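Asks:
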Amino acid sequence: MEVIVVERRQDAAALVADAYTALLTRTPTAVLGLATGSTPLPVYDELVRRHDAGDLSFARARAFLLDEYVGLPADHPERYRAVIERDFTGRVDLDPAAVVGPDGLAQDLDAAGRDYDEAIRAAGGIDLQILGIGSDGHLAFNMPMSSLASRTRLKTLTPRTREDNARFFDGDLDRVPTHCLTQGLGTIMESRHAVMLGFGRAKAQAIRECVEGAVSARWPASILQLHPHATVVVDVEAASQL
Ligand code: GLP
Numbered sequence: 225m226e227v228i229v230v231e232r233r234q235d236a237a238a239l240v241a242d243a244y245t246a247l248l249t250r251t252p253t254a255v256l257g258l259a260t261g262s263t264p265l266p267v268y269d270e271l272v273r274r275h276d277a278g279d280l281s282f283a284r285a286r287a288f289l290l291d292e293y294v295g296l297p298a299d300h301p302e303r304y305r306a307v308i309e310r311d312f313t314g315r316v317d318l319d320p321a322a323v324v325g326p327d328g329l330a331q332d333l334d335a336a337g338r339d340y341d342e343a344i345r346a347a348g349g350i351d352l353q354i355l356g357i358g359s360d361g362h363l364a365f366n367m368p369m370s371s372l373a374s375r376t377r378l379k380t381l382t383p384r385t386r387e388d389n390a391r392f393f394d395g396d397l398d399r400v401p402t403h404c405l406t407q408g409l410g411t412i413m414e415s416r417h418a419v420m421l422g423f424g425r426a427k428a429q430a431i432r433e434c435v436e437g438a439v440s441a442r443w444p445a446s447i448l449q450l451h452p453h454a455t456v457v458v459d460v461e462a463a464s465q466l
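Residue 225 is where the sequence shown starts when you use my numbering, and the numbers rise one by one after that.
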């Protein structure tokens with residue numbers, strides 16, 4: 225696991241965007257793993273900037289999302305499929321049909337999880353997976369005590385996560401979905417390069433536990449210590465307990 229500490233978030237964005245540029249130059253048909261949340265936004269903005277400058281094309285790339293709410297209608301603006309389109313994929317030349325997420329509207333959600341892992345495998349696996357980290361060390365929606373070997377599956381959202389996310393649903397907890405489909409930790413571990421970002425003091429303890437602590441389901445992102453190619457990019461605040 226490589227840990228890079230940067231002064232500013234823009235430095236992290238430039239660094240991670242360099243990894244995308246190198247990958248897409250080498251392999252224009254690369255498979256990208258995309259994350260929602262506020263943390264990756266500076267990276268997406270930098271990728272859009274390079275795209276608009278004519279330096280980077282996603283035209284032949286494909287993308288898989290980390291997770292999706294269960295039960296939100298197809299046209300709901302807070303579906304992660306819609307969020308990633310606003311934040312990133314709709315701003316570059318990535319084919320909308322080449323961006324897929326777990327099917328949170330499937331009749332059989334267990335099968336949808338299995339199908340999703342199969343779709344990732346059929347695409348050749350994820351070349352570059354970008355990840356945020358929760359302040360409790362969660363990855364995607366793999367909360368503390370999630371199985372370290374888990375696959376894409378149905379999960380119940382914890383009360384804390386639903387409260388955290390109520391701000392995206394007009395502050396109305398009743399409108400926040402109760403379940404999600406999330407890539408498992410085992411699924412995430414199969415990506416060829418995993419890049420985890422952490423910014424701000426609120427992430428400092430999670431970064432310490434996951435980078436320097438024992439590998440344990442108590443801190444899900446600690447599994448990345450066993451990843452053959454993991455890069456952790458943190459700002460000075462997030463690195464303050466290392
Ligand atoms: C959610 C997402 C995670 C994300 C986390 C942190 O739970 N499912 O993928 O890492 O929030 O969000 P933020 O980046 O906004 O701090």
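Glycine residues also receive a C-beta, built at the ideal position from the N, C-alpha and C atoms.
A quick note: this is a predicted structure, and the numbers were derived from the prediction, not measured.
(1) Considering only their Cβ atoms, is the gap separating L409 from G337 smaller than 7 Å?
(2) What first and last residue would you give for the alpha helix (DSSP H) that runs through G337?
(3) Is it buried or exposed for G358, if we count other Cβ within 10 angstroms and need 16 for buried?
(4) So, using beta-carbon positions, are I354 and V419 closer together than 7 Å?
(5) Report the partner residues of H403 according to the DSSP bridge assignment.
(6) For F282 and H403, I'd like the C-alpha separation in whole angstroms.
(7) Note down the Cα distance separating P288 from V435, rounded to an integer number of angstroms.
(8) H275 by DSSP, collapsed to three states: which one?
(9) Between the segment 361-370 and the segment 302-316, can you find at least three pairs of beta-carbon atoms closer than 8 Å?
(10) Nearest to M413 by alpha carbon, out of A241, S446, D396 and N389?
(11) Just to confirm before moving on: does the CB-CB distance between E433 and G361 stay below 7 Å?
(12) Just to check my reading of the structure: A322 and A285 have Cβ atoms closer than 8 Å, yes? What is that Cβ distance to the nearest angstrom?
(13) Are the segment 420-431 and the segment 312-332 in contact at 8 Å, needing three or more beta carbon pairs?
(14) Starting from L421, trace the beta strand (DSSP E) both ways and give me its first and last residue.
(15) Assuming L290 and G257 form a contact by the criterion Cβ under 8 Å, report the distance between their Cβ atoms to the nearest whole angstrom.
Replies: Here's the rundown:
(1) Position 113 of the sequence shown holds residue 337. Position 185 of the sequence shown holds residue 409. No.
(2) Residue numbering aside, residue 337 sits at position 113 when the sequence shown is read from its first letter. Element bounds for G337: L333 to A346.
(3) Position 134 of the sequence shown, counting from 1, holds the residue named residue 358. Buried, by the Cβ-count rule.
(4) Position 130 of the sequence shown holds residue 354. Position 195 of the sequence shown holds residue 419. Yes, they are a contact pair.
(5) Here residue 403 refers to the residue found at position 179 of the sequence shown. Per DSSP, T380.
(6) Locating residue 282 in the sequence shown gives position 58, where the first residue counts as 1. Locating residue 403 in the sequence shown gives position 179, where the first residue counts as 1. Straight-line Cα distance between these residues: approximately 31 Å.
(7) Counting from one through the sequence shown, the residue named residue 288 turns up at place 64. Counting from one through the sequence shown, the residue named residue 435 turns up at place 211. Looking at the sequence shown, residue 288 is not Pro but Phe. In a straight line, the C-alpha of F288 is about 25 Å away from that of V435.
(8) Residue 275 sits at position 51 when you count from the first residue of the sequence shown. Residue state, collapsed to three classes: helix.
(9) no
(10) Here residue 413 refers to the residue found at position 189 of the sequence shown. Considering only alpha carbons, the answer is S446.
(11) For the purposes of this step, residue 433 is taken as the residue at position 209 of the sequence shown. For the purposes of this step, residue 361 is taken as the residue at position 137 of the sequence shown. Their beta carbons are under 7 Å apart, which means E433 touches G361 by this criterion.
(12) Translated into positions along the sequence shown, residue 322 becomes position 98. Translated into positions along the sequence shown, residue 285 becomes position 61. Between A285 and A322 the Cβ distance is about 7 Å, and since that is below 8 Å, they are a contact.
(13) no
(14) Sequence index remark: in the sequence shown, residue 421 carries index 197 (1-based). Residues H417 to G422.
(15) By 1-based counting over the sequence shown, the position of residue 290 is 66. By 1-based counting over the sequence shown, the position of residue 257 is 33. Right, the Cβ-Cβ distance comes to about 7 Å (below 8 Å), so this counts as a contact.
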